[in-house]
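*Asks:*
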Amino acid sequence: KRVLSSGMRLPQIKDDYDPCTFTYTPTPEDNAVTALQWIEVFRASTPTFVKYALQDETVPAETRTACVTAFECAFQQALDALAAEHGNAQRSQELLNCIVLCQIREDCLKRAGFGDIFRKVKQEENAAALAVLPGVLKNLDECSDTSERLELALRGVLAGNIFDLGASTSAALFDRDGAAASFVNTRTKLLPRPWVIDDLDASVQRLTSASTKGQYKKAMLFVDNAGSDVILGMLPFARELLRLGMKVVLAANQGPTINDITAEELLVVVQEAARLDDPVRQAMQEGKLAVLSSGCDLPVIDLRNLSQEIVDCAQDVDLVVLEGMGRSIETNLNAKLRCDSMRIGMVKHPEVATCLKGRLLDCVCKFIPGST
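For the sequence shown, the working numbering assigns the number 8 to the initial residue and increments by one for each residue that follows.
1) Tell me, to the nearest whole angstrom, how far the beta carbon of residue 204 is from that of residue 373; I am working on the premise that it is less than 8 Å.
2) Who pairs with residue 329 in a beta bridge, going by DSSP?
3) Using the C-alpha atoms, what's the distance from residue 332 back to residue 240?
4) Expressed to the nearest angstrom, what Euclidean distance is found between the alpha-carbon atoms of residue 41 and residue 350?
5) Quick one: Cα of residue 60 to Cα of residue 124, how far?
6) Would you grab the beta carbon distance between residue 215 and residue 154 for me? Rounded to a whole angstrom, and I think it's under 8 Å.
7) Indicate the three-state DSSP secondary structure (helix, strand or coil) for residue 297 in the structure shown.
8) With 16 other CB atoms within 10 Å as the buried threshold, where does residue 395 fall?
9) Rounded to the nearest angstrom, what separates residue 342 and residue 196 at their Cα positions?
10) What is the DSSP secondary structure of residue 280, reduced to helix, strand or coil?
11) Taking the alpha helix (DSSP H) that residue 86 falls in, what are its first and last residues?
12) Whole-angstrom Cβ separation of residue 211 and residue 157, contact assumed at under 8 Å?
13) Alpha carbon to alpha carbon, how far is residue 364 from residue 35?
14) Do you know offhand how far residue 327's Cα is from residue 70's?
15) Assign residue 282 to one of two classes, buried (16 or more other C-beta atoms within 10 Å of its C-beta) or exposed (fewer than that).
16) Excluding sequence positions up to five away, which residues of its chain have a Cβ less than 6 Å from the Cβ of residue 348?
17) Note down the Cα distance separating residue 371 from residue 359, rounded to an integer number of angstroms.
18) Pick from 280, 264, 259: whose alpha carbon is nearest that of residue 271?
19) Which same chain residues, not among the five before or five after residue 115, have their C-beta less than 8 Å away from its C-beta?
20) Classify residue 335: buried if its beta carbon has 16 or more other beta carbons within 10 angstroms, exposed otherwise.
21) According to DSSP, simplified to helix, strand and coil, what is residue 198?
22) Need the endpoints of the alpha helix (DSSP H) that residue 105 sits in, please.
23) Jot down the residue ranges of each uninterrupted beta strand (DSSP E) in the region 253-279, minimum 3 residues, whole runs only, in chain order.
24) Helix, strand or coil for residue 150 per DSSP?
25) Excluding five sequence neighbours on each side, which residues of the same chain lie with their C-beta closer than 7 Å to the C-beta of residue 264?
26) Taking the C-alpha atoms as reference points, what is the distance between residue 268 and residue 32?
27) In whole angstroms, what is the alpha-carbon distance linking residue 136 and residue 234?
28) Buried or exposed for residue 181, going by 16 or more other Cβ atoms inside 10 Å?
29) Nearer than 6 Å: is that true of the beta carbon of residue 72 relative to any heavy atom of the ligand ADP?
30) If distances are taken between C-alpha atoms only, which option among 117, 290, 277 comes closest to residue 251?
31) For the beta strand (DSSP E) containing residue 303, name the first residue and the last one.
32) My understanding is that residue 63 touches residue 167, with C-beta atoms under 8 Å, so please give their C-beta distance in whole angstroms.
33) Of the residues 141, 75, 109, which one's Cα is nearest the Cα of residue 119?
34) Compute the distance between the beta-carbons of residue 296 and residue 255, then report whether it is under 7 Å.
35) Note down, in chain order, each residue of its chain lying with its Cβ closer than 8 Å to the Cβ of residue 385, except the 5 sequence neighbours on either side.
36) When DSSP labels each residue in this structure, what does residue 159 get in the three-state scheme?
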């Protein structure tokens, strides 16, 4: 059974809000990527899902292989049907986008009997990243200049975002290196600037100037993956926002999908981090750092379909940060909100790179001023 949100709108979204960044059509206007090519992106991810489903010990060993086969067959049949329809401009009737494709894959997994096939690897990566966290925070604390420290933290968000088992490129990198172990090296070796969307300097300048004037009082951060992504990337960034005087809300999925962290898992992680770091512990105790469920269970996000608790909490939010390729690039990249907002993520699909006219493993750091 799917975990469904209550369908509540983030109060900061505008009436013309459209979450999907790319149009999935048989013949896109710019001839960038066709609907068939997008379908093949999802097909290419199937071996990773099969690999981890075969290791899912919550499904009895005697039936697991059959369940994996059921998932694989159902998903391939669904993709074949979509390819037959959306490969022909005359036959294409139904809307196709990344939200639809993600939902189909999750439905196929759940119907085959799988709940959270990446649970074990998430737990392992969380433990590995927590072991590295004190060193990452020490590295930030040793930087006395606020702007330099913010830039380092934002680079850390991008480096952490490489841990994505839903993209074949980053899944291969994870299999080779692990995520936490390669974090500092990845942060150092991000692709040279300018990135495909590079508002890094403007973001740092805005954050520092707004904090000086007290313009940002509460930030809501929609986080992405478990492990190094949230622990070594987003949590240190949240800690920097706390240092600037903001309250920070970390919004994570209600239900599992790929290696995205859930709110339940994130709360445990933040509590563990609080034992390792006094500023995090103090922020938790004072109610300045909170973890809430977004109400979602996909690796992309539609800000019209959120939990009641996140919408209630967002009423006085004046900075929204969306992180990860799914939440900040494939969805919401160009969506203007009523408050200032940021998009931070790494490009891990060649097709996304093509649409953005960038490079594979390119970086997106986008700042959008709020507008009424």
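Note that CB positions come from ideal geometry on N, CA and C, so glycine has one too.
*Replies:* Inspection of the coordinates gives the following:
1) Taking the sequence shown and counting its residues from 1, the one referred to as residue 204 is at position 197. Taking the sequence shown and counting its residues from 1, the one referred to as residue 373 is at position 366. So it is a contact: roughly 5 Å between Cβ atoms.
2) Here the question's residue 329 lines up with position 322 in the sequence shown. Residue 329 pairs with 229, 350.
3) Taking the first residue of the sequence shown as 1, we reach residue 240 at position 233. Taking the first residue of the sequence shown as 1, we reach residue 332 at position 325. About 14 Å.
4) Translated into the one-based positions of the sequence shown, residue 41 becomes position 34. Translated into the one-based positions of the sequence shown, residue 350 becomes position 343. Each residue's Cα considered, the two are about 25 Å apart.
5) If you number the sequence shown from 1, residue 60 lands on position 53. If you number the sequence shown from 1, residue 124 lands on position 117. Looking at the two C-alpha atoms, the distance is approximately 5 Å.
6) Here residue 215 corresponds to residue number 208 of the sequence shown, with the count starting at 1. Here residue 154 corresponds to residue number 147 of the sequence shown, with the count starting at 1. About 6 Å; that satisfies the 8 Å criterion.
7) As a first step, residue 297 is located in the sequence shown; it is residue number 290 there, counting from the start. Strand, per DSSP.
8) The displayed coordinates of the chain run from 8 to 379. Any statement about residue 395 would go beyond what the structure contains.
9) Within the sequence shown, the letter at position 335 stands for residue 342. Within the sequence shown, the letter at position 189 stands for residue 196. Using only the alpha carbons, I get a separation of about 30 Å.
10) Residue mapping note: residue 280 aligns to position 273 of the sequence shown, counting from 1. Annotated three-state conformation of residue 280 is helix, per DSSP.
11) Indexing the sequence shown from 1 puts residue 86 at position 79. Taken as a continuous stretch (DSSP letters only), the alpha helix (DSSP H) holding residue 86 covers 68-93.
12) Numbered from its first residue, the sequence shown carries residue 211 at position 204. Numbered from its first residue, the sequence shown carries residue 157 at position 150. About 5 Å separates the CB atoms of residue 211 and residue 157; that is less than 8 Å, so the two are in contact.
13) Translated into the one-based positions of the sequence shown, residue 364 becomes position 357. Translated into the one-based positions of the sequence shown, residue 35 becomes position 28. If I take the Cα positions, the gap works out to 15 Å.
14) By 1-based counting over the sequence shown, the position of residue 327 is 320. By 1-based counting over the sequence shown, the position of residue 70 is 63. Approximately 44 Å between the Cα atoms of the pair.
15) Looking up residue 282 in the sequence shown gives position 275. Label assigned to residue 282: exposed.
16) As a working mapping, residue 348 is identified with position 341 in the sequence shown. Closer than 6 Å at the Cβ level, and outside the excluded window around residue 348, lie 327, 375.
17) Mapped onto the sequence shown, residue 371 falls at position 364. Mapped onto the sequence shown, residue 359 falls at position 352. So the two alpha carbons sit approximately 11 Å from each other.
18) As a first step, residue 271 must be located in the sequence shown, where it is residue number 264. Checked all of 280, 264, 259; the closest Cα to residue 271 is 259.
19) Here the question's residue 115 lines up with position 108 in the sequence shown. The beta carbon of residue 115 sits closer than 8 Å to the beta carbons of 78, 81, 82, 85 from its chain, once the five residues preceding and following it are set aside; these are given in chain order.
20) By 1-based counting over the sequence shown, the position of residue 335 is 328. A buried status is given to residue 335, since no fewer than 16 other beta-carbon atoms sit within 10 Å of its beta-carbon.
21) Here residue 198 is taken as the residue at index 191 of the sequence shown, counted from 1. Note: residue 198 maps to coil in three-state DSSP.
22) Position 98 of the sequence shown, counted from the start, is the residue given in the question as residue 105. Element bounds for residue 105: 105-118.
23) The region 253-279 contains these whole beta strand (DSSP E) runs: 254-259.
24) In the sequence shown, residue 150 corresponds to position 143, counting from 1. Looking at residue 150 - three-state DSSP - the assignment turns out to be coil, as it is neither helix nor strand.
25) As a first step, residue 264 is located in the sequence shown; it is residue number 257 there, counting from the start. Closer than 7 Å at the Cβ level, and outside the excluded window around residue 264, lie 113, 304, 305, 306.
26) Mapped onto the sequence shown, residue 268 falls at position 261. Mapped onto the sequence shown, residue 32 falls at position 25. When the Cα atoms are used, residue 268 and residue 32 turn out to be separated by approximately 31 Å.
27) Residue 136 sits at position 129 when you count from the first residue of the sequence shown. Residue 234 sits at position 227 when you count from the first residue of the sequence shown. Using only the alpha carbons, I get a separation of about 6 Å.
28) Position 174 of the sequence shown, counting from 1, holds the residue named residue 181. Reliability fails at residue 181, whose pLDDT of 49 lies under 50, so the model's placement of it is uncertain and the value that follows must be treated cautiously. Counting of Cβ neighbours within 10 angstroms places residue 181 among the buried residues, the total reaching 16 or more.
29) The model depicted lacks the ligand ADP and carries no ligand whatsoever.
30) Counted from its first residue, the sequence shown places residue 251 at position 244. Of 117, 290, 277, the smallest CA-CA separation from residue 251 is found for 290.
31) In the sequence shown, counting from the first residue as 1, residue 303 sits at position 296. According to the DSSP assignment, residue 303 belongs to no beta strand (DSSP E), since it is labelled neither H nor E.
32) Translated into the one-based positions of the sequence shown, residue 63 becomes position 56. Translated into the one-based positions of the sequence shown, residue 167 becomes position 160. So it is not a contact: roughly 25 Å between Cβ atoms.
33) Position 112 of the sequence shown, counted from the first residue, corresponds to residue 119. The shortest C-alpha separation from residue 119 is found at 75.
34) Numbered from 1 along the sequence shown, position 289 holds the residue referred to as residue 296. Numbered from 1 along the sequence shown, position 248 holds the residue referred to as residue 255. A Cβ-Cβ contact shorter than 7 Å links residue 296 with residue 255.
35) As displayed, the chain neither begins before 8 nor continues past 379, which places residue 385 out of reach and without an answer.
36) Counting from 1 along the sequence shown, the entry for residue 159 is found at position 152. In this structure, residue 159 counts as helix in the three-state DSSP scheme.
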